[in-house]
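Structure first, then comments.
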DNA sequence: CCTTACTGTGTCCGCTGGACACTGTTGCGA
DNA sequence: TCGCAACAGTGTCCAGCGGACACAGTAAGG
C-alpha cells in the first residue's frame with residue numbers, strides 16, 4: 002500500500018512495456034466516481050473505459066482498496082499556496098480550499114473515513130495546515146489537534162451540503178428535507194428544542210462553514226493570546 | 002424509508018404471525034457489525050444468525066440500505082440525560098456521550114456519512130444538543146451550526162482513534178502509524194512543518210477530543226458573551 | 001368452511017472482487 | 001545471435017453479494 006501511494010515501485014527492466022500508467026487508471030476511476038459515485042467504480046468499468054480487460058488492472062494495483070487509496074490522494078491533489086498570511090487567514094484559506102476539494106469530488110467523504118495510510122498529497126495538505134500554525138506559539142500536538150478540528154468541521158459541512166451522486170441511498174435532496182420537515186411537523190412535541198430552533202431559521206443557510214470556522218478560530222485565538230502573554234506552562238484557569 | 006425508521010408500518014391483520022421483529026433483525030445485524038465490521042453485514046449472514054432464509058428478511062426490510070438505516074438509529078440509541086447543566090458542561094457531556102456511542106459501534110462512522118433520513122433516536126440526540134444551547138442567547142441557526150461543529154469534531158476524533166474491525170483496508174493499527182513514521186523519517190524535507198510538529202509530541206496523545214472541545218467552547222463563549230452584552234443585532238466586527 | 005392476506009422458502013439472475021493458468025512480448029546475458 | 005526469464009494482458013472460473021419472482025404453508029375474517 003505504502004509503495005503504491007508513494008510511487009516506490011521498482012521500474013520494470015525486462016518484458017513488454019506497460020500500456021497503462023497508475024495515474025491513468027486512477028484518473029479513469031476518478032472520472033467514474035465524479036460522475037456516478039464511488040460505488041460505480043468497479044474494476045470492470047475502469048478497465049472498460051480504458052479499453053482493457055479487468056484483470057489487466059491487477060498488474061498495476063493489488064486490489065480495489067489500493068485503487069481507492071490512489072484515487073483519493075490523486076483527487077485531493079496538492080493544496081493551493083497562500084503565502085504570507087497570518088495564521089487565521091491562512092487557516093481560513095486552507096479550510097476553503099479543502100471544502101472546494103470535497104465539492105469537486107464528493108466521494109472523498111466516503112473514501113477518507115477511518116484510519117488509513119496517507120498519501121503524499123494528503124500529507125502535503127497536513128503540512129500546509131500545520132505550517133499555518135507554526136508561528137502561533139502552540140506546540141506540535143496542539144497544532145495537529147487544531148488542524149483536526151478545522152478539517153473535521155469542513156468535512157461535516159461538506160457532508161451536510163453536498164449532493165451525493167450514487168451514494169448509499171438513492172434518496173433525493175428534497176426527499177430528505179421534506180421527510181424531516183414532515184416528521185418534525187407531526188411529532189414536534191417529541192423534539193421541542195429542535196422544532197423551535199428550526200422555526201427561527203429564516204434564510205441564513207449555507208453559513209455553516211464560515212460560522213463554525215469563526216467559532217473555532219476565536220477559540221484558538223483565546224488559547225494563542227493566553228499562550229503569548231504567559232509564554233510557557235502556567236496558564237490561568 | 003421514513004415509515005420504517007419511524008415505525009409507521011400498519012400492523013398486519015390476517016395471515017400468519019411474523020416470526021421475527023424489525024428490532025430483532027437490526028440487533029442481529031448490529032452484533033455482526035460490532036464483531037466484524039459493517040462490510041460483514043450481509044443479508045445471508047443476518048438471516049443465518051437468526052436461523053432464517055435470506056429472502057425472509059425482505060418481508061421486514063425493503064433493502065439493505067434501509068436495514069443499515071434502522072441499524073444505525075437503533076445502535077445510536079437514546080442519549081443519556083444530564084439535567085441542570087450550563088451550556089458548556091451540557092455540551093461537554095453530550096460530546097462525550099456521542100464519542101462513547103462511536104466507540105461502542107465504530108461502524109457508525111461509515112453508516113452516517115452523507116445526507117440521509119434521520120431516525121427518531123438520532124433526532125433525539127440533536128434535540129438534546131440544541132436543548133443545551135437553548136438558553137444561551139444564540140438563535141436557532143447558530144445553535145444548529147454550533148452543534149454541527151461539536152458533532153463533527155467528535156466524529157473526527159473517533160475516526161482517528163478507533164480501530165476499525167473489518168473496515169475498508171485490513172491494515173493493522175501499527176502498520177498505519179509505522180508507515181507514517183517511516184515515510185516521514187525518509188522524506189522529512191518534503192513536510193518540514195509536519196515533521197517538526199510530530200517531533201514535539203511527547204506523550205500527550207488522546208487529548209484531541211477534549212482539546213478541540215475546549216477550543217470550540219471557547220469560541221462559542223466569545224460569541225455568546227458578545228451576544229449577551231449587546232443583546233440584538235449590532236455585533237462589533 | 002372457504003377465501004384472502006400474509007409469512008417464509010427455493011430458484012434464478014446480474015454483478016462484484018479476485019485466483020489462476022495461459023499466451024504474447026521484450027530485454028538482458030551468454 | 002539466440003534463448004531464457006521477466007513482464008503484460010487475456011480468458012476462465014469461483015464464491016459471494018443484493019434482489020426479483022413464483023410458490024407453499026398458515027392463520028384470520030366473512
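Chains as they are written, first to last, in our numbering: chain A, 2 to 238; chain B, 2 to 238.
Even for Gly, the Cβ is constructed at its ideal location relative to N, Cα and C.
Query                                                                                                   : Result
Pick from 186(A), 146(A), 38(A) and 48(A) that is closest to residue 23(A), judged by C-alpha positions : 48(A)
Between the CA atoms of residue 123(B) and residue 72(A) - distance to the nearest angstrom             : 32 angstroms
Distance between residue 81(B) and residue 188(A) (C-alpha atoms, nearest Å)                            : 21 angstroms
Selection from 5(B), 78(B) and 17(B) that minimises the alpha carbon distance to residue 62(B)          : 5(B)
Whole-angstrom distance between residue 54(B) and residue 172(A), CA atom to CA atom                    : Reliability fails at residue 172(A), whose pLDDT of 49 lies under 50, so the model's placement of it is uncertain and no value is given.
Inter-residue spacing [alpha-carbon to alpha-carbon] between residue 38(B) and residue 108(A)           : 20 angstroms
Cβ neighbour criterion (16 or more within 10 Å) applied to residue 74(A)                                : buried
Under 8 angstroms from the C-beta of residue 208(B): neighbouring residues of chain A                   : 142 and 146
Interface partners of residue 217(B) on chain A, CB under 8 angstroms                                   : 150, 216, 217 and 220
Assigned exposure category for residue 160(B) - 16 Cβ within 10 Å defines buried                        : buried
Buried/exposed call for residue 209(B), threshold 16 Cβ in 10 Å                                         : buried
Coarse secondary structure for residue 157(B), derived from DSSP in three states                        : helix
Start-to-end residues for the alpha helix (DSSP H) that takes in residue 209(A)                         : 209-230
Residue 105(A) in three-state terms, based on DSSP                                                      : helix
Through-space distance from residue 33(B) to residue 8(A), alpha-carbon basis                           : 37 angstroms
Contact with chain B by residue 160(A), beta-carbon distance below 8 angstroms                          : yes
Three-way DSSP call (helix, strand, coil) for residue 44(B) in this model                               : helix
Backbone secondary structure at residue 18(A) - three-state DSSP                                        : coil
Min CB distance residue 109(A) to chain B below 8 angstroms                                             : no
Interface residues of the region 179-192 of chain A facing chain B [CB-CB below 7 angstroms]            : 180, 181, 184 and 192
Minimum C-alpha distance to residue 89(A) - residue among 230(A), 103(A), 214(A) and 228(A)             : 214(A)
Of the listed residues 186(A), 152(A) and 31(A), nearest to residue 69(A) (C-alpha basis)               : 31(A)
C-alpha distance - residue 128(B) paired with residue 190(B), whole-angstrom precision                  : 48 angstroms
Span of the alpha helix (DSSP H), counted from its first residue to its last, around residue 130(A)     : 121-133
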